[in-house]
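Asks: Just dropping this structure here.
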Amino acid sequence: KVNYHSVNSCLFPVGEANGKHIVTIEGLNGTDFSVVQKSFIHEGASQCGFCTPGFVVSLTGYYLSNERFEINDAIESMDGNVCRCTGHQSIIDAAKKSTQLLSTNISNHTDHINALIKSGLLPEYFSGIPGRLKSLGRKFPASEKILSPQYYIAGGTDLYVQKWEDMLKHNVKFLSSNVILKTIKEENGNCIIGATATVTDLIESKILSKYFPKLKEHLKLFGSLPIRNRATVGGNIVNASPIADITNILIALNATVHLTGSSGKRKLLLKDFFKGYKTLDLNKDELVDYVSFKLPAKNSYFNFEKVSQRTYLDIASVNSSIYLEVTDDKIITTHISAGGVAPIPLYLNKTSEFLKGKTINAEIVKEAAEISQTEISPITDARGSKEYKSLLLRQLIFAHFITLFPGKVKMKEIA
Numbered sequence: 152k153v154n155y156h157s158v159n160s161c162l163f164p165v166g167e168a169n170g171k172h173i174v175t176i177e178g179l180n181g182t183d184f185s186v187v188q189k190s191f192i193h194e195g196a197s198q199c200g201f202c203t204p205g206f207v208v209s210l211t212g213y214y215l216s217n218e219r220f221e222i223n224d225a226i227e228s229m230d231g232n233v234c235r236c237t238g239h240q241s242i243i244d245a246a247k248k249s250t251q252l253l254s255t256n257i258s259n260h261t262d263h264i265n266a267l268i269k270s271g272l273l274p275e276y277f278s279g280i281p282g283r284l285k286s287l288g289r290k291f292p293a294s295e296k297i298l299s300p301q302y303y304i305a306g307g308t309d310l311y312v313q314k315w316e317d318m319l320k321h322n323v324k325f326l327s328s329n330v331i332l333k334t335i336k337e338e339n340g341n342c343i344i345g346a347t348a349t350v351t352d353l354i355e356s357k358i359l360s361k362y363f364p365k366l367k368e369h370l371k372l373f374g375s376l377p378i379r380n381r382a383t384v385g386g387n388i389v390n391a392s393p394i395a396d397i398t399n400i401l402i403a404l405n406a407t408v409h410l411t412g413s414s415g416k417r418k419l420l421l422k423d424f425f426k427g428y429k430t431l432d433l434n435k436d437e438l439v440d441y442v443s444f445k446l447p448a449k450n451s452y453f454n455f456e457k458v459s460q461r462t463y464l465d466i467a468s469v470n471s472s473i474y475l476e477v478t479d480d481k482i483i484t485t486h487i488s489a490g491g492v493a494p495i496p497l498y499l500n501k502t503s504e505f506l507k508g509k510t511i512n513a514e515i516v517k518e519a520a521e522i523s524q525t526e527i528s529p530i531t532d533a534r535g536s537k538e539y540k541s542l543l544l545r546q547l548i549f550a551h552f553i554t555l556f557p558g559k560v561k562m563k564e565i566a
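Residue numbers (the numbering used here): 152 to 566.
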């Protein structure tokens, strides 16, 4: 079986194309317009035409990578594309139309690719792609033979933007083909997440959705679909951004980061991994292997909050996560993280310790929010003033408790 995912071509290296079927707009052209192209024409969704190929590829990618279609998901699959002619409604209408047509046509088919071909979405040559890829043999990228690379690259969604010129001068090693590093599993009461697991892998994980039902909703705030398909857990951690969403979540889960290097393996709590701005407790020859955290107890609560200038497709001004274990309204365990208010992804140690043993009520939450202000050192930048960020963190701590315990903590009591 061939698995398809939409990606940004400008952030996808040629070295990783080995052994893969690369599909561009040219590869979707058959003897007639496809279902998606016809829907765009019928709904007047193509205006100047500049953006149309990208929308068509993204929407087709959604149908290729999913066997059941939902209109909202189809629309969201195009969130990495932009129409500057403001033809968004007609594009949405085209997505609705093609989703309805395809849902009807493929409902009783077991061979997904052939069903999409018969439905007029794909050219006929797609049916032969699995065999053609198999005939190539399993050849690993040339980069895997490099013994001392300057860069190890998983998704590279930040690295290709930040350091592409320097990367051209050095050897690199791609990690995304390492299936073991993508593993998400339960083991001895812990959740294990491989370093090259993508944000999409987290969203689609049955294990994570079982223990964190709202995680999918939280992670939809992370970039666009093509970025989520490439951005990895390990990359989010070692990039060491103070506002990294995945890191923020994992710190609140009191995760442990597991490292592998020439001198062997070692581990440390993720909250202790960050030593300063973009500075890690990571030796030159070490890589992040995986992260682990204890699976949540039945009496546990988790929440993630993020404020950004745009709700979607934007990095946070401030973000925060909380994990609680509560018995008889009394907090037994607390872990709170905060991003955007310090040079590093921050664990709010004093605030977390204060809440332990406390009974949940508005006064306790207000006091916790005040204590959090003593642990942070925000700066004024493009994301907001230091005063604004301080206020945001206070409000996000309020939001955690209002969201998790609406019957015990109300906004009018703490505002």
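C-beta: ideal position from N, C-alpha, C; glycine also. Note that this is a predicted model, so its numbers are computed, not measured.
Starting from Asp440, trace the beta strand (DSSP E) in both directions and tell me its first and last residue.
Replies: Unbroken beta strand (DSSP E) run through Asp440: Leu438 to Lys445.
Asks: Taking the alpha-carbon of His369 as reference, which of Ile473, Ser528 and Lys248 has the nearest alpha-carbon?
Replies: Answer by Cα proximity: Ile473.
Asks: Check whether chain D comes within 8 Å of Thr334, counting only Cβ atoms and requiring the distance to be less than that.
Replies: Of the chains in the structure shown, none is chain D; there is only one protein chain.
Asks: Taking the beta strand (DSSP E) that Lys416 falls in, what are its first and last residues?
Replies: Element bounds for Lys416: Gly415 to Leu420.
Asks: Can you tell me whether Ile511 is buried or exposed? The criterion is at least 16 other CB atoms within 10 Å of its CB, across all chains shown.
Replies: A residue is called buried once 16 or more other Cβ atoms fall within 10 Å of its Cβ, and Ile511 is buried on that count.
Asks: Within the chosen definition, does the segment 242 to 255 reach the segment 187 to 195 through at least 3 CB pairs nearer than 8 Å?
Replies: yes
Asks: Express the C-alpha separation of Tyr214 and Val187 in angstroms, rounding to a whole number.
Replies: Looking at the two C-alpha atoms, the distance is approximately 10 Å.
Asks: Rounded to whole angstroms, how far is the Cβ of Ile407 from the Cβ of Leu419, which I believe are closer than 8 Å?
Replies: First, the amino acid is wrong: residue 407 is Thr here, not Ile. So it is a contact: roughly 7 Å between Cβ atoms.
Asks: Can you confirm whether the segment 454 to 473 touches the segment 371 to 383 when touching is taken to mean that 3 or more C-beta pairs between the two stretches lie within less than 8 Å?
Replies: Taking 8 Å as the limit for Cβ pairs, the verdict is that the segment 454 to 473 does touch the segment 371 to 383.
Asks: Going by the CB atoms, is the gap between Thr211 and Leu272 shorter than 8 Å?
Replies: It is a contact, given that the beta carbons lie within the stated cut-off.
Asks: Give me the Cα-Cα distance between Ser528 and Asp432, rounded to the nearest whole angstrom.
Replies: 21 Å
Asks: Taking the alpha helix (DSSP H) that Ile264 falls in, what are its first and last residues?
Replies: Unbroken alpha helix (DSSP H) run through Ile264: His263 to Lys269.
Asks: Along the chain, where does the beta strand (DSSP E) that runs through Lys457 open and close?
Replies: Counting along the chain, Lys457 sits inside the beta strand (DSSP E) bounded by residues Ser451 to Val458.
Asks: What do you reckon, are the CB atoms on Ile487 and Ser503 nearer than 8 Å?
Replies: yes
Asks: Could you check where the alpha helix (DSSP H) with Ile241 kicks off and where it finishes?
Replies: In the sequence as presented, Ile is not what sits at residue 241; that position holds Ser. Where Ser241 is concerned, the enclosing alpha helix (DSSP H) stretches over His239 to Asn256.
Asks: What does a CB cutoff of less than 6 Å around Val158 pick up in its chain, not counting 5 residues either side in sequence?
Replies: Once the five neighbours on either side are set aside, the close Cβ partners of Val158 are Pro377, Asn380 and Arg381.
Asks: Whose CA, out of Thr203, Leu475, Thr484 and Ile173, lies closest to the CA of Cys236?
Replies: Thr203
Asks: Taking the alpha helix (DSSP H) that Lys189 belongs to, which residues open and close that run?
Replies: From DSSP, the alpha helix (DSSP H) with Lys189 extends over Val186 to His193.
Asks: Just how far apart, CA to CA, sit Gln251 and Ser270?
Replies: 12 Å
Asks: Does the segment 398 to 405 come close enough to the segment 312 to 332 to have 3 or more Cβ pairs within less than 8 Å?
Replies: no
Asks: Would you give the residue range spanned by the beta strand (DSSP E) that Ile344 belongs to?
Replies: Per DSSP, Ile344 is one residue of the beta strand (DSSP E) stretching across Asn341 to Gly345.
Asks: Counting along the chain, where does the alpha helix (DSSP H) carrying Ala519 start and finish?
Replies: Run containing Ala519: Ala513 to Ser523, per the alpha helix (DSSP H) assignment.
Asks: Assign Leu287 to buried or exposed, taking buried as 16 or more other Cβ atoms, counted over all protein chains shown, within 10 Å of its Cβ.
Replies: exposed
Asks: With DSSP as the reference, please indicate the residues paired to Thr554 in a beta bridge.
Replies: In DSSP, Thr554 forms no bridge with anything.
Asks: Do Ala568 and Glu476 have their C-beta atoms within less than 8 Å of each other?
Replies: Residue numbering for the chain in the displayed model covers 152 to 566; residue 568 lies beyond these limits and cannot be assessed.
Asks: Please report how far the alpha carbon of Gly178 lies from the alpha carbon of Pro494, in whole angstroms.
Replies: 45 Å
Asks: Is it the case that the segment 296 to 310 contacts the segment 216 to 223, given that we only count it when at least three CB pairs across the two stretches are under 8 Å?
Replies: When C-beta atoms of the segment 216 to 223 are compared with those of the segment 296 to 310, fewer than three pairs fall below 8 Å, so the two segments do not count as touching.
Asks: The beta strand (DSSP E) with Ser360 in it runs from where to where?
Replies: Per DSSP, Ser360 belongs to no beta strand (DSSP E); it is in the alpha helix (DSSP H), Lys357 to Tyr362.
Asks: Just to confirm before moving on: does the CB-CB distance between Ile280 and Val165 stay below 8 Å?
Replies: Annotated as distal: Ile280 and Val165, with beta-carbon spacing of 8 Å or more.
Asks: Using the Cβ count rule (16 or more neighbours within 10 Å means buried), how would you classify Gln240?
Replies: exposed
Asks: When the Cα atoms are used, what is the spatial distance from Ser327 to Phe425?
Replies: CA-CA distance, Ser327 to Phe425, rounds to 24 Å.
Asks: In the DSSP assignment, find the alpha helix (DSSP H) that holds Tyr311 and state where it starts and stops.
Replies: Leu310 to Gln313
Asks: Tell me which residues share the same chain as Ala395 and place their Cβ nearer than 8 Å to its Cβ, disregarding the 5 neighbours each side in the sequence.
Replies: Asn387, Ile388, Gly490 and Pro496
Asks: Taking the alpha helix (DSSP H) that Gly427 belongs to, which residues open and close that run?
Replies: Per DSSP, Gly427 belongs to no alpha helix (DSSP H); it is in the beta strand (DSSP E), Phe425 to Gly427.
Asks: What is the DSSP secondary structure of His486, reduced to helix, strand or coil?
Replies: In this structure, His486 counts as strand in the three-state DSSP scheme.
Asks: For Asp309, collect the residues of the same chain with a Cβ closer than 6 Å to its Cβ; drop the 5 residues on either side in sequence, then sort them by chain order.
Replies: Asn390
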